[in-house]
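Structure first, commentary second.
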Amino acid sequence: MRLSWPEIRTNAAHFAAEWQGKGYEKGQTHSFYDEFFGIFGVPRKQVAVYEQRVKSLDPARSGGFIDLFWPGTLIVEQKSAGRNLDRAMAQALDYYDWLPDVQRPRHMMVCDFQRFELVDLETRREWRFPLTDLKRHVEAFGFIIGVQPRLFRNQSPVNRQASELMGRLHNALAADGYVGHDLERLLVRLLFILFADDTGIFERKDQFLTFLERRTRADGRDLGRWLGELFQTLDTPPDRRQQSLDADLADFPYINGELFRERIAMPSFDAAMRTMLLDASLFNWGDVSPAIFGSLFESVIDTVTRRKQGAHYTPEQAILKVIEPLFLDDLRADFARASALKSGRERALRALHQRLGAMAFLDPACGAGNFLVVAYRELRELERDILRELLTIDGRVELVMDVAALSKLDVDHFFGIEIDEFPAMIAQVALWMTDHIANTRLAEDFGQHYARIPLVKAPGIHHGDALELDWNHVIPAQGCTFVFGNPPFVGAKYQSEAQRAQVRRLAALPGSGGTLDYVAAWFLKAAHYVGGGDARIAFVSTNSIVQGEQVAQLWPLIFRAGLEIAFAHRTFVWPGRAAVHCVIIGLAQRRDEPAQKRLFSYADAKGEPSETRHGVLTAYLFDARDADRHLLVREESRPINGAPRIVIGSKPIDGGYLIFDADARAKLLAQEPDAEPFLRPYVGAQEYLNGGERWILALQDAAPADIRQLPTVRQRLRQVTAYRRGEIAALGKAEESKKTPGQSSLALADTPSAFHVTVIPTQPFLAIPEVSSERRDYIPIGWLEPPTIPSNLIRILPGATLWHFAILTSHMHMAWMRQIGGRLESRYRYSIGLVYNNFPWPDATPIQRAKIETFAQAVLDARALPRNATSTLADLYDPDTMPAQLRKAHHDLDLAIDRLYRKTAFGSDRERVEYLFTLYQRLIDTLHNAKRTRPGRPA
Numbered sequence: 001m002r003l004s005w006p007e008i009r010t011n012a013a014h015f016a017a018e019w020q021g022k023g024y025e026k027g028q029t030h031s032f033y034d035e036f037f038g039i040f041g042v043p044r045k046q047v048a049v050y051e052q053r054v055k056s057l058d059p060a061r062s063g064g065f066i067d068l069f070w071p072g073t074l075i076v077e078q079k080s081a082g083r084n085l086d087r088a089m090a091q092a093l094d095y096y097d098w099l100p101d102v103q104r105p106r107h108m109m110v111c112d113f114q115r116f117e118l119v120d121l122e123t124r125r126e127w128r129f130p131l132t133d134l135k136r137h138v139e140a141f142g143f144i145i146g147v148q149p150r151l152f153r154n155q156s157p158v159n160r161q162a163s164e165l166m167g168r169l170h171n172a173l174a175a176d177g178y179v180g181h182d183l184e185r186l187l188v189r190l191l192f193i194l195f196a197d198d199t200g201i202f203e204r205k206d207q208f209l210t211f212l213e214r215r216t217r218a219d220g221r222d223l224g225r226w227l228g229e230l231f232q233t234l235d236t237p238p239d240r241r242q243q244s245l246d247a248d249l250a251d252f253p254y255i256n257g258e259l260f261r262e263r264i265a266m267p268s269f270d271a272a273m274r275t276m277l278l279d280a281s282l283f284n285w286g287d288v289s290p291a292i293f294g295s296l297f298e299s300v301i302d303t304v305t306r307r308k309q310g311a312h313y314t315p316e317q318a319i320l321k322v323i324e325p326l327f328l329d330d331l332r333a334d335f336a337r338a339s340a341l342k343s344g345r346e347r348a349l350r351a352l353h354q355r356l357g358a359m360a361f362l363d364p365a366c367g368a369g370n371f372l373v374v375a376y377r378e379l380r381e382l383e384r385d386i387l388r389e390l391l392t393i394d395g396r397v398e399l400v401m402d403v404a405a406l407s408k409l410d411v412d413h414f415f416g417i418e419i420d421e422f423p424a425m426i427a428q429v430a431l432w433m434t435d436h437i438a439n440t441r442l443a444e445d446f447g448q449h450y451a452r453i454p455l456v457k458a459p460g461i462h463h464g465d466a467l468e469l470d471w472n473h474v475i476p477a478q479g480c481t482f483v484f485g486n487p488p489f490v491g492a493k494y495q496s497e498a499q500r501a502q503v504r505r506l507a508a509l510p511g512s513g514g515t516l517d518y519v520a521a522w523f524l525k526a527a528h529y530v531g532g533g534d535a536r537i538a539f540v541s542t543n544s545i546v547q548g549e550q551v552a553q554l555w556p557l558i559f560r561a562g563l564e565i566a567f568a569h570r571t572f573v574w575p576g577r578a579a580v581h582c583v584i585i586g587l588a589q590r591r592d593e594p595a596q597k598r599l600f601s602y603a604d605a606k607g608e609p610s611e612t613r614h615g616v617l618t619a620y621l622f623d624a625r626d627a628d629r630h631l632l633v634r635e636e637s638r639p640i641n642g643a644p645r646i647v648i649g650s651k652p653i654d655g656g657y658l659i660f661d662a663d664a665r666a667k668l669l670a671q672e673p674d675a676e677p678f679l680r681p682y683v684g685a686q687e688y689l690n691g692g693e694r695w696i697l698a699l700q701d702a703a704p705a706d707i708r709q710l711p712t713v714r715q716r717l718r719q720v721t722a723y724r725r726g727e728i729a730a731l732g733k734a735e736e737s738k739k740t741p742g743q744s745s746l747a748l749a750d751t752p753s754a755f756h757v758t759v760i761p762t763q764p765f766l767a768i769p770e771v772s773s774e775r776r777d778y779i780p781i782g783w784l785e786p787p788t789i790p791s792n793l794i795r796i797l798p799g800a801t802l803w804h805f806a807i808l809t810s811h812m813h814m815a816w817m818r819q820i821g822g823r824l825e826s827r828y829r830y831s832i833g834l835v836y837n838n839f840p841w842p843d844a845t846p847i848q849r850a851k852i853e854t855f856a857q858a859v860l861d862a863r864a865l866p867r868n869a870t871s872t873l874a875d876l877y878d879p880d881t882m883p884a885q886l887r888k889a890h891h892d893l894d895l896a897i898d899r900l901y902r903k904t905a906f907g908s909d910r911e912r913v914e915y916l917f918t919l920y921q922r923l924i925d926t927l928h929n930a931k932r933t934r935p936g937r938p939a
């Protein structure tokens, strides 16, 4: 079991502290690298050797000795502290050149004990950092534990520039009152024409540009008329055109494909708009990927509409994360194997080519078609590689007479569903453009240029609501090979009534439909759809479907449909403007699931993933190993593990009128000193972690006569009543419109001094913040005491002992919380019903408990050291600033608690969770057995 990245970073911090200021090449290199590999839990002697002799290719040079050598993986040239590393790198490059090809490594490093310079020779990526920053860069050494970074291509800046050109024209026309369907259709047609003008679809390059410059007036007044006539011409076959047709118009080819068939009202242009279209025409659209038209779609549609529908433009980098593990990687591997065959090579390549031509693809939330476009482009490139292998004889490519007959792929095998008309139109045009680019490249390899016009075959893009349509009407499930895409992201709280009803219907959920995000509906509909065939599924999703309460609502339905997780990307930050925390889930039929499941994990949510392989994956995206992979942790109303109950703190629902910061408190007491006994310290997660002070008016025990003497307090109570009735906005948010009050608020309106949830502790209590940074190794947990009142953003355990503190702050509990609990974006969200009530506590004798409590007290003592007096809990538990003594105290406590669970040490957090999952399964089995055998029921 390899170490987790948090464990590796901790080891790196210890290593850096140990070697700070040291650095003698001859005497310390071996110790340095033995310990360096130990950071990753890998014995150096198993993989690398010291002083590897290498012979020079230059007869005048004697060769040398590589300081540390891992054949095929790593060369290290070590120098004493302060020495010239540029000279060391030159020496390492010489060694690389002198090695046999089979031994040449991918990575090269030079180091002087205090500075590191690492190069990935395959990707050309470089890292330079001091020893003190090693913990921030350990992911660069993932190859030591068999983890290689996966790089996904991103878009060219030229693509963004192209979309901006069209975006300006759109905005100018819309500002002039030309809007709606006609504007959208106009833009789609212009996109196709601009592309055709630069890529050979039109016989003469810049034919459209020349037409604009020569035939339209500088003031733009006749531009709309000319465009209307051009559209009509492009939709008319040559044999049906009038003989008197303008000669410049007659030179344009017949396009067909229904792209120009509909008659639309043409806009009135002015000089500025004409210049914008000319600027767009001057741009070289031959360098633009059709996938960028999704970017145009994003810039055009209304921001409110996009939020309501949950639409997010998908950049190519994210698309490749879906389609490569879904099908491209396997197809490329099959191509490599077929190409390497000595016998049956041609037969294998032709069989692979036939498979490509038989595949069909559906994106049921296709937007502007980005997924379909990139998938088609990549498949056409693979087809091109296959054809080069088949048609290369004695090192020369054989030319063919009919290039068009070579390809077995066409756009009519690509299907999509899109609720908005404009992006649906763009998707169709973008696929035609992609087809033309692929045909052009094929012709460059094997024969003369050709354009597949008139357009005969069309993509199957359907305009409609994917959750209402029968997907079999788009493409029958038996004929579909892959279903993929990026469905809308709309959280349960933000769904419209219609959207909530759709989720409720597809999930067969009672009442309001649970807490499923809108994206879950696509998983459910896809699961039902592929049950009639053999298609595999892969969707981008918010990470909420693999954590927290949604897991137990969604995944039983998916598993019952006969699907299993074939690959997944753990949480990463969506590239681009959306800033959503996402996962990618790939599903396969259980009867056809791959033996090895691929899991992509992110040490940095904005970085590149590392890949690992597993036998099975749970809905929480870890290896189930000895537990039931379909086991799901369900929210429990009370602990099933024998632990004492935890509750949330006080929730006033007061609009802020009962809560005071330091200034507001001072002002109130200056006016009404007698209010002081009723002002209690009020602590939420923010104050608990980062310091700061708030107070709350706690009037539950106040006599009416006392309140009558406090007019300012009484005014506050009247404002609470008005807020709960929906008559005024929350304090400090007067710009917000008044909201319809909920039943809870209305029920409390007549008793403004009462809280919705009242928890006023009378003894010290253990406090757990509801939300905590994902960067921390531990959620900061500790004691608070009266007169403090905890807010509902704190979970509290009254009367807690050191034993409870020890278990809840342990690595075991933290590992469980990370996997099972929900997240707010990527921050930890501590759930009572999911995390605490289901956590399997260890058994312990009184002696063992006493020992554990000693370690727990050491953690509290380390926090209380005088040098930490001015530090907040956020300071103490920041991984970059956590004091060494506090970290050691936690480490000792973790080891002691680990041993309560089993004698064999855990190698990683993933191993801890897998072990806890087996204990949870026993808890559930015991609970179910107890229910079956209780009095009045048969055993």
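Here the sequence shown is numbered in UniProt numbering, starting from 1 and rising by one per residue. Beta carbons are placed, not taken as given, at the ideal position from N, Cα and C, and that holds for glycine.
Where DSSP assigns a beta bridge to residue i, which residues make up the other side?
i, result
"residue 111", "78, 116"
"residue 482", "361, 536"
"residue 586", "538, 567"
"residue 796", "647, 767"
"residue 130", "115"
Just to confirm my understanding: we take residue i, look at its own chain, exclude 5 residues before and 5 after, and list those with CB closer than 8 Å. What are they?
i, result
"residue 475", "360, 362, 415, 460"
"residue 29", "50, 67, 68, 78"
"residue 452", "404, 435, 436, 439"
So, with DSSP's three-state summary, where would you put residue i?
i, result
"residue 61", "coil"
"residue 344", "coil"
"residue 723", "helix"
"residue 682", "strand"
"residue 290", "helix"
"residue 19", "helix"
"residue 790", "strand"
"residue 420", "coil"
"residue 759", "coil"
"residue 83", "coil"
"residue 151", "Residue confidence for residue 151 is low, a pLDDT of 47 falling below 50, so the modelled location carries little weight; the figure read from the coordinates is stated next. Three-state DSSP puts residue 151 in coil, outside helix and strand."
"residue 548", "coil"
"residue 408", "coil"
For the beta strand (DSSP E) that contains residue i, what are its first and last residues?
i, result
"residue 463", "460-463"
"residue 665", "From DSSP, residue 665 is part of no beta strand (DSSP E) but of the alpha helix (DSSP H) over 662-671."
"residue 453", "No beta strand (DSSP E) contains residue 453, which DSSP labels as neither H nor E."
"residue 612", "610-614"
How far does the alpha helix (DSSP H) with residue i in it reach, from first residue to last?
i, result
"residue 813", "811-820"
"residue 500", "497-507"
"residue 228", "223-234"
"residue 274", "271-282"
Could you name the residues of the same chain whose beta carbon sits closer than 6 Å to that of residue i, not counting the 5 residues immediately before and after it, in chain order?
i, result
"residue 721", "749, 752"
"residue 109", "76, 118"
Please classify residue i: is it buried, with 16 or more other beta-carbons within 10 angstroms of its beta-carbon, or exposed?
i, result
"residue 819", "buried"
"residue 70", "buried"
"residue 549", "buried"
"residue 456", "exposed"
"residue 343", "exposed"
"residue 11", "buried"
Grab me the residues of residue i's own chain with a C-beta within less than 7 Å of its C-beta, minus the 5 sequence neighbours each way, in chain order.
i, result
"residue 877", "776, 778, 780"
"residue 868", "876, 883"
"residue 640", "837, 838, 923, 927"
Does the Cβ of residue i lie closer than 7 Å to at least one heavy atom of the ligand ATP?
i, result
"residue 916", "For the structure depicted, the ligand ATP is absent and the ligand set is empty, with no information on it obtainable."
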